[in-house]
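First up is the structure itself, then whatever we jot down about it.
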Amino acid sequence: MTTQPTYVAGHFLLNGRTAVITAAAGAGIGGATARKFLEEGARIVIGDAHERRLGESAAALAEEFGADNVAALPCDVTDQEQVNALFAFAAQRHGGLDIVVNNAGLGGTADLVDMTDDQWSKVLDVTLNGTFRCTRAALRHFKDSDTGGIVVNNASVIGWRAQRGQAHYAAAKAGVMALTRCAALEAADFGVRVNAVAPSLAMHPHLVKVTTPDLLAELTEREAFGRYAEPWEIANVIVFLASGYSSYMTGETVSVSSQRA
Numbered sequence: 001m002t003t004q005p006t007y008v009a010g011h012f013l014l015n016g017r018t019a020v021i022t023a024a025a026g027a028g029i030g031g032a033t034a035r036k037f038l039e040e041g042a043r044i045v046i047g048d049a050h051e052r053r054l055g056e057s058a059a060a061l062a063e064e065f066g067a068d069n070v071a072a073l074p075c076d077v078t079d080q081e082q083v084n085a086l087f088a089f090a091a092q093r094h095g096g097l098d099i100v101v102n103n104a105g106l107g108g109t110a111d112l113v114d115m116t117d118d119q120w121s122k123v124l125d126v127t128l129n130g131t132f133r134c135t136r137a138a139l140r141h142f143k144d145s146d147t148g149g150i151v152v153n154n155a156s157v158i159g160w161r162a163q164r165g166q167a168h169y170a171a172a173k174a175g176v177m178a179l180t181r182c183a184a185l186e187a188a189d190f191g192v193r194v195n196a197v198a199p200s201l202a203m204h205p206h207l208v209k210v211t212t213p214d215l216l217a218e219l220t221e222r223e224a225f226g227r228y229a230e231p232w233e234i235a236n237v238i239v240f241l242a243s244g245y246s247s248y249m250t251g252e253t254v255s256v257s258s259q260r261a
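55 is the number that the UniProt record's numbering gives to position 55 of the sequence shown; each next residue is one higher, with no gaps.
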């Protein structure tokens with residue numbers, strides 16, 4: 001039976017915290033996480049490679065939640081200088097940093113026998129290497145600040161499960177999970193927690209552009225509730241991992257999924 005979710009209001013779980021969220025322009029998981037964090041009382045700095053959409057998203061959020069609580073800086077996570085600039089801007093803007101959400105990722109569909117080196121490398125560079133660059137920047141900041149911190153990475157159930165045409169994306173997301181576990185062990189030495197979410201099927205405009213209707217229908221049919229997740233349902237779990245409710249969790253990847261197989 002298909003069930004429709006009820007939007008969950010904020011409870012100030014992140015009150016007074018400052019967060020950096022990558023790939024946060026638009027209607028996907030990053031945008032939903034930005035809104036959720038503001039509803040939970042956080043101040044946010046959002047980054048995205050798409051400068052126009054980033055500006056529009058930041059302006060809309062600032063109008064609703066206040067200009068003091070929202071800032072934005074264009075950031076391509078494949079460029080370490082831009083990553084460094086984003087973190088420096090966040091620390092300068094709000095006097096510190098508490099939470100980092102690494103949401104940037106890139107998909108695509110190609111069978112391995114037809115996949116080019118460029119297709120493989122581009123997906124890996126954004127999805128895995130970008131998460132590495134941002135996690136490294138976050139840990140360097142948290143270690144130097146001596147105040148602890150939280151990192152939440154966006155992985156995917158495809159990092160565990162197989163799907164045709166997704167070898168590059170699956171490899172990248174499995175890498176994000178492994179990176180999360182290793183980073184968590186190292187970061188525990190200076191009081192930082194690193195976890196990840198692994199969504200199955202969360203609907204957003206970009207997914208529609210890169211996925212055929214037949215495949216979307218097939219993927220949706222696999223879900224136990226008979227529907228895809230709303231991006232804010234993934235954001236709810238990211239809020240949990242960024243809050244004190246998950247204080248004993250680190251190195252974990254939380255599946256946000258209702259897939260039957």
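Backbone N, C-alpha and C fix where the C-beta goes; we use that ideal spot for every residue, glycine too.
What is the rounded straight-line gap between the Cα of residue i and the Cα of residue j?
| i | j | result |
| --- | --- | --- |
| residue 44 | residue 137 | 17 Å |
| residue 187 | residue 225 | 37 Å |
| residue 169 | residue 41 | 33 Å |
| residue 230 | residue 33 | 11 Å |
| residue 185 | residue 22 | 23 Å |
| residue 76 | residue 46 | 12 Å |
| residue 4 | residue 101 | 27 Å |
| residue 125 | residue 157 | 19 Å |
| residue 107 | residue 256 | 18 Å |
| residue 19 | residue 97 | 6 Å |
| residue 279 | residue 110 | No statement about residue 279 is possible, as the shown extent of the chain runs from 1 to 261 and does not include it. |
| residue 119 | residue 177 | 21 Å |
| residue 67 | residue 164 | 44 Å |
| residue 248 | residue 175 | 23 Å |
| residue 56 | residue 93 | 19 Å |
| residue 141 | residue 61 | 26 Å |
| residue 78 | residue 201 | 25 Å |
| residue 264 | residue 63 | Past the boundaries of the shown model lies residue 264; the chain is included only from 1 to 261, so the question cannot be answered. |
Applying the 10 Å Cβ sphere with the 16-neighbour rule, what's the burial state of residue i?
| i | result |
| --- | --- |
| residue 59 | exposed |
| residue 90 | buried |
| residue 14 | buried |
| residue 16 | exposed |
| residue 228 | buried |
| residue 8 | exposed |
| residue 72 | buried |
| residue 134 | buried |
| residue 261 | For residue 261, the predicted model reports a pLDDT of 47, less than 50, meaning its position is unreliable; a value from the coordinates is still stated below. The residue is exposed, with fewer than 16 neighbouring Cβ atoms inside 10 Å. |
| residue 149 | buried |
| residue 183 | buried |
| residue 48 | buried |
| residue 95 | exposed |
With a CB to CB cut of under 6 Å and the five nearest residues on each side skipped, what residues in its chain are close to residue i?
| i | result |
| --- | --- |
| residue 167 | 112 |
| residue 190 | 143 |
| residue 82 | 75 and 76 |
| residue 252 | 195 |
| residue 241 | 152 and 195 |
| residue 181 | 251 |
| residue 6 | none |
Can you list, in chain order, the residues of its chain with a C-beta nearer than 7 Å to that of residue i? Leave out the 5 residues immediately preceding and following it.
| i | result |
| --- | --- |
| residue 50 | 25 |
| residue 65 | 38 |
| residue 244 | none |
| residue 122 | 106 |
| residue 103 | 21, 22, 23, 24, 29, 30, 33 and 154 |
Pull the bridge partners of residue i from the DSSP assignment, please.
| i | result |
| --- | --- |
| residue 73 | 47 |
| residue 255 | 198 |
| residue 18 | 43 |
| residue 176 | None; residue 176 has no bridge partner. |
For residue i, which residues in the same chain have their Cβ closer than 8 Å to its Cβ, ignoring the five residues on either side in sequence?
| i | result |
| --- | --- |
| residue 209 | In this predicted model, residue 209 has a pLDDT of only 48, less than 50, meaning its place in the structure is not dependable enough to derive any value. |
| residue 146 | 190 |
| residue 36 | 10, 232, 235, 236, 238 and 239 |
| residue 12 | 40 and 41 |
| residue 198 | 155, 156, 157, 159, 160, 173, 177, 253, 254, 255, 256 and 257 |
- Every unbroken beta strand (DSSP E) inside the segment 132-157 [3 residues or more]: DSSP runs (the beta strand (DSSP E)) wholly in the segment 132-157: 149-154.
- Query: In the segment 49-111, which residue ranges form an unbroken beta strand (DSSP E) of at least 3 residues, counting only runs that do not cross its ends?
  - Reply: Taking only runs of at least 3 residues, the beta strand (DSSP E) segments lying wholly in the segment 49-111 are 70-74 and 99-102.
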